[in-house]
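Number of protein chains: 2
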Amino acid sequence: MAHPIPRNTRQKAAIRGVFEAHDRPLSPQEVLEFAQARVARLGIATVYRNLKSLVQEEWLTPVAMPGGAVLYEMAGKNHHHHFQCDRCHRVYEVKGCVPAVNRLGGSGFKVQRHEVILYGICAACRGRRRN
Amino acid sequence: MAHPIPRNTRQKAAIRGVFEAHDRPLSPQEVLEFAQARVARLGIATVYRNLKSLVQEEWLTPVAMPGGAVLYEMAGKNHHHHFQCDRCHRVYEVKGCVPAVNRLGGSGFKVQRHEVILYGICAACRGRRRN
DNA sequence: CGGCTCTTGAGATCGTTGTATCATTCTTAC
DNA sequence: GTAAGAATGATACAACGATCTCAAGAGCCG
């Protein structure tokens, strides 16, 4: 009720496995598709339920993208940012930062954190013709 | 039909006036509220219609924020970024940039543009107690 | 194994945002 | 001023993502 005793289900293990196999932020739909290769009849509701509980356990972190998509990535990573491919729309992690960005706010704003999103063409799409 | 002859309506003028009076990106709801001070019975559908046409005329530019909100600001500004206040959630323009951000992608990504969003507390909210 | 109860799967439902409809009002040209 | 038709306002509707319901299935403990 208030504190149900959690169980280890194949579904949740499959979802964790998907994040371990793909080192980039994933959408709920992507998680569903990848995890269905491991648990055939997996449903979208189960994906949402487990994403939520994995966030509560701090095993995942939500990544809100401009446009409204909310992706998830494994928690506990060092400070980093993201790159989104204009062609395939996949999002990748970009290591490093330019600390000077926090000074962009000048004196009028008390800046506490920041997001940087790069856009362009990813290596995979550059290699191919299209998509 | 294909090219209706546009007319200058009080509503559209009011909406333009709202953006000229507030030098920051505004949500459709904010536009509605501010513009209703000028045209009392203004409806939300008219706001959406005029936002769309002002974007087509390139008088406005959409600003997609993480979380899904799409705001609008006057077009033609110099390269800049945005600050969102964690308290009042208003978004402000931040002039300047750190060009080095485009190099964060390394050699794996062909970076064509970027977004920087700063978060913290705005001057107005710092002056007040709350909200 | 047996059973308690947590979790799942399928679909219905919700909430939000933006669009379509259509009678009415307003702008513009003459 | 008048008429043609573009724009408005009120509301219904659509689209989408996410959540809820509940019977059925499965994990865990003894």
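Read top to bottom, the protein sequences are chains A and B.
Counted the way this note's numbering counts, the first sequence spans residues 12 to 142.
Counted the way this note's numbering counts, the second sequence spans residues 12 to 142.
Beta carbons are placed, not taken as given, at the ideal position from N, Cα and C, and that holds for glycine.
Per the C-alpha coordinates, the member of A/Val50, A/Thr72, A/Gly119 positioned closest to A/Arg21 is A/Val50.
Excluding residues up to 5 positions away in sequence, Tyr103, Val105, Leu129 lie with their Cβ nearer than 6 Å to the Cβ of B/Phe94 in the same chain. The beta carbon of A/Ala25 is closer than 8 Å to those of Ala46, Arg49, Val50, Leu53 in its chain, skipping five residues each way along the sequence.
Per DSSP, reduced to three states, the secondary structure at A/Glu104 is strand.
In terms of Cα proximity to A/Gly116, the closest of B/Val42, B/Cys133, B/Pro110 is B/Cys133. Proximity of chain A to B/Leu129 at the Cβ level (cut-off 9 Å) is accounted for by Val112, Asn113, Leu115, Gly116, Phe120, Val122, Gln123, Arg124, His125, Glu126, in chain order. Counting of Cβ neighbours within 10 angstroms places B/Ser118 among the exposed residues, the total staying below 16. In the three-state scheme derived from DSSP, where H, G and I count as helix and E and B as strand, A/Thr72 is classed as strand. Contact with chain A is found for B/Val109, since one of that chain's Cβ atoms lies less than 8 Å from the residue's Cβ.
Distance from the CA atom of A/Asp97 to the CA atom of A/Gly131, rounded to whole angstroms, is 6 Å. Taken through DSSP and simplified to helix, strand or coil, B/Cys136 comes out as helix. Under DSSP, B/Phe94 takes part in a beta bridge, and its partners are B/Tyr103, B/Leu129. Close CB contacts of B/Thr57 within its chain, under the 6 Å cut and outside five residues either way in sequence, are with Gln22 (chain order). Within the model, the alpha-carbon separation for B/Trp70 versus A/Ile55 is close to 41 Å.
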